[in-house]
Each structure stands twice: as C-alpha cells, then as structure tokens.
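Before any comments, here is the structure.
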Amino acid sequence: MSVEFDSRSQLAAERLIAASLEEDLHDVGDLTSQALIDADATGSVDIVARATGVLSGMPIAPLVFSKVDARVTIEERIPDGTLLSPGDVVATVSGPVQALLSGERTVLNFLTHLSGVATRTRAFVDAIAGTQATILDTRKTLPGWRDLHKYAVRCGGGANHRMGLFDAVLIKDNHLAAWREAHPTATIAEAVRHARDVSPTCEFVEVEVDTLEQLADALQAPPDMVLLDNMTCDQMREAVAMRNDTAPEVLLEASGGITLETAAGIARTGVDRISVGGLTHSAPALDLAFDWSAA
Numbered sequence: 186m187s188v189e190f191d192s193r194s195q196l197a198a199e200r201l202i203a204a205s206l207e208e209d210l211h212d213v214g215d216l217t218s219q220a221l222i223d224a225d226a227t228g229s230v231d232i233v234a235r236a237t238g239v240l241s242g243m244p245i246a247p248l249v250f251s252k253v254d255a256r257v258t259i260e261e262r263i264p265d266g267t268l269l270s271p272g273d274v275v276a277t278v279s280g281p282v283q284a285l286l287s288g289e290r291t292v293l294n295f296l297t298h299l300s301g302v303a304t305r306t307r308a309f310v311d312a313i314a315g316t317q318a319t320i321l322d323t324r325k326t327l328p329g330w331r332d333l334h335k336y337a338v339r340c341g342g343g344a345n346h347r348m349g350l351f352d353a354v355l356i357k358d359n360h361l362a363a364w365r366e367a368h369p370t371a372t373i374a375e376a377v378r379h380a381r382d383v384s385p386t387c388e389f390v391e392v393e394v395d396t397l398e399q400l401a402d403a404l405q406a407p408p409d410m411v412l413l414d415n416m417t418c419d420q421m422r423e424a425v426a427m428r429n430d431t432a433p434e435v436l437l438e439a440s441g442g443i444t445l446e447t448a449a450g451i452a453r454t455g456v457d458r459i460s461v462g463g464l465t466h467s468a469p470a471l472d473l474a475f476d477w478s479a480a
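Residue 186 is where the sequence shown starts when you use the working numbering, and the numbers rise one by one after that.
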C-alpha cells in the first residue's frame, strides 16, 4: 500500500531528529566510533526485520543520515505499509562506517516505534475485517509525535481522527458540564448547534454521550458524529437503530477500553467508527536491526 509522508509528517520528523541527535551526540559526536573506526572506512548495513509486523518510518532514515553525514546513501527495498516477515531486508544503508554507527540507534528508534504503531493498528483492522467499521486513532500521543503517530496509523490501514483541538469540535462530558454552569437548562442538541454556529469552518462537530437518552437528545441537532462512550454492545445496537430511524446521516463512533478481543463484536453492532487510544499510547516496538553486510 502507498501512504503519503506529507509535509506535516516531515516537519515533525525533522524536529524530533534534531532533538534525538542532540541528546545522543551533543557537540562531541560518537566517542566509541571515533576511537575504534578509521574516519575513511566505509561499509554497508542492512535494516532487517526480526519479527512479523507492518513497516512504518522509512522516510525518516534518510533525514537522519542527512544530518549525520550527507555521504550516506540508502537503498529502500520495501515501502511503508508492507507486512514484514522475520529476515526481510527493508533497506541497505552505505557510507562512512562512523556515520552508520552514529545514526544507527536514532534511525531504529523511529522505525521500531512507528512500525509498532502500524503493526498494532493492522491487528485491529484485521480484527474487524468484513464489517463497515473503520479503526481510528486518538489524541493520546506523545508531545511532538502526533503527526508521525498518525502517519503510522495510516501505514497500518487505520484512519485518523482530528489532528488536535484546532481542527474539529468534539464536545465531551467535561465540556458539557462546564458549559452548563452558564446554561443550566440547555440540551446536548443546543450545545451542538451553538458549537456549529461559532465554529462554521471546523472539519466536523462531534459530541460524546454515554446513555441512549443522551443520544436521543444529541440526534435532534444533529451533529456530524456521536461518540458512544463505554457502551455495551447491546446499547450500541440500540444506538444504531435509533440513529437509523432519527438521523441516518450521523456517524456513530465507539470508544472506551476497546481491545483486540472486543473490537470485532463492537464492529458487528453496526457502528461506523471505532477509536482506540492504545494504537499510539501502548503499541510495543517492532524488532528491527542493523545487520552488517559486505562493504
């Protein structure tokens, strides 16, 4: 599959690369490589998969080595989004040995982490295959990593939720509680209408509910989407039926404690979207490594 590494992702990567190299090298460099490796020595390494998973982050490798030593070249063999098997050679990196060693850990830190997110996403996507539901990420990302995390989710076959607080409206329970301090008798539908009036250019307006009564209220607006928070599968089926009868254009999103074991059952209720914070905040790294090859 082809996944665009867009300008936002590249800018995020460049910022993180600068911080990563600064904390690893400071203004001194790689003391071990400088002590043991001749400055003129050249060589090649293969980036190899040690486990099954989905590749993500390869566009970052040349960005790293461009900062370490512009003489390093990378022959990419497998594109991001590909399902890897143990032993697959992802790319071959060639150039000054000191540079290869100095950039190794930074490159692998990006690749193993982002490939882990992509792999976790693919597991959820596969779990709900055959249903109409889509797997989405959340804002549960590390500072500075959001664009890259969301790129990795796309590599895994998932879709992106809003990028941040700036591009869409998602009215959650705390927003409603705070708003009702000034509007104690207001309905959820009124909150949705108000948000749409004051944010006409936002990508979408979504509201969170945790009861069917709240859903019935929200659908009177209606919002673009409704987030069904921590509902049971029986409740979600009732929610889908209510939506179909009242406002069939509204998308329903399940969220809250969703696991690989529960995702398929949730998808079969008829919801349109399933958002999973664990795609980004709990994905284990995928094992990739540098293997030396002939110079």
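Glycine included, each C-beta is placed from N, C-alpha and C at the ideal position.
Give the straight-line distance between the Cα atoms of residue i and residue j, rounded to the nearest whole angstrom.
| i | j | result |
| --- | --- | --- |
| T465 | A448 | 16 Å |
| A358 | D265 | Looking at the sequence itself, residue 358 is Asp, so the reference to Ala does not match. In a straight line, the C-alpha of D358 is about 38 Å away from that of D265. |
| V338 | F295 | 14 Å |
| D472 | V390 | 39 Å |
| S205 | R422 | 47 Å |
| A380 | K335 | 26 Å |
| D322 | D223 | 46 Å |
| P408 | T319 | 19 Å |
| S440 | V456 | 11 Å |
| T396 | S467 | 28 Å |
| V253 | I259 | 13 Å |
| V461 | L268 | 21 Å |
| G349 | N429 | 29 Å |
| A220 | F250 | 20 Å |
| L216 | W364 | 57 Å |
| H368 | D382 | 16 Å |
| A470 | P271 | 14 Å |
| T372 | E261 | 55 Å |
| A538 | L248 | No information on residue 538 is available, as it lies outside the stretch 186 to 480 that the chain covers here. |
| L327 | V257 | 30 Å |
| Q420 | G343 | 25 Å |
| T454 | S187 | 30 Å |
| A255 | A308 | 37 Å |
| L196 | M427 | 43 Å |
| A562 | E189 | Since the first and last residues shown for the chain are 186 and 480, residue 562 lies out of range. |
Please name the residue in the options whose C-alpha comes closest to that of residue i.
| i | options | result |
| --- | --- | --- |
| V425 | I443, G442, L404 | L404 |
| P385 | I373, E375, D352, G463 | D352 |
| D414 | G349, M427, I459 | I459 |
| S229 | P281, S270, D402 | P281 |
| H346 | W330, D476, R324 | R324 |
| G329 | A367, M348, R200 | R200 |
| W477 | T372, Q195, D231 | D231 |
| T297 | A236, T227, R331 | A236 |
| R193 | T454, R331, M427, R453 | R331 |
| G442 | T370, M416, E434 | M416 |
| Q283 | S218, M427, E366 | S218 |
With C-beta atoms as the reference, is residue i less than 8 Å away from residue j?
| i | j | result |
| --- | --- | --- |
| V354 | C387 | yes |
| K436 | A312 | The residue asked about is misnamed: residue 436 is Leu in this sequence, not Lys. No, these two residues do not count as a Cβ contact at 8 Å. |
| I263 | V275 | yes |
| L361 | A376 | yes |
| V233 | D273 | yes |
| E398 | I356 | no |
| L286 | L333 | no |
| F475 | E289 | yes |
| R378 | A406 | yes |
| I245 | A203 | no |
| V310 | G341 | yes |
| G463 | C418 | no |
| T316 | A432 | no |
Hey, quick one: how far does the alpha helix (DSSP H) through residue i stretch, first residue to last?
| i | result |
| --- | --- |
| A439 | Run containing A439: none in the alpha helix (DSSP H); it sits in the beta strand (DSSP E), 436-440. |
| D311 | 282-312 |
| T258 | Looking at the DSSP string, T258 is not in any alpha helix (DSSP H); the run it does join, the beta strand (DSSP E), is 258-261. |
| D476 | Note, D476: premise wrong, no alpha helix (DSSP H); beta strand (DSSP E) at 473-478. |
| I373 | 373-383 |
Would you mind reading off the limits of the beta strand (DSSP E) that contains residue i?
| i | result |
| --- | --- |
| S229 | 227-234 |
| F190 | From DSSP, F190 is part of no beta strand (DSSP E); its letter is neither H nor E. |
| V213 | Unbroken run through V213: none, as it is neither H nor E. |
What do you reckon, is the C-beta of residue i under 7 Å from a heavy atom of the ligand FAD?
| i | result |
| --- | --- |
| F389 | You won't find the ligand FAD in this model; it holds no ligand whatsoever. |
Notebook entry, point to check: Does the count of Cβ pairs from the segment 228-243 and the segment 300-311 closer than 8 Å reach three?
Noted result: yes
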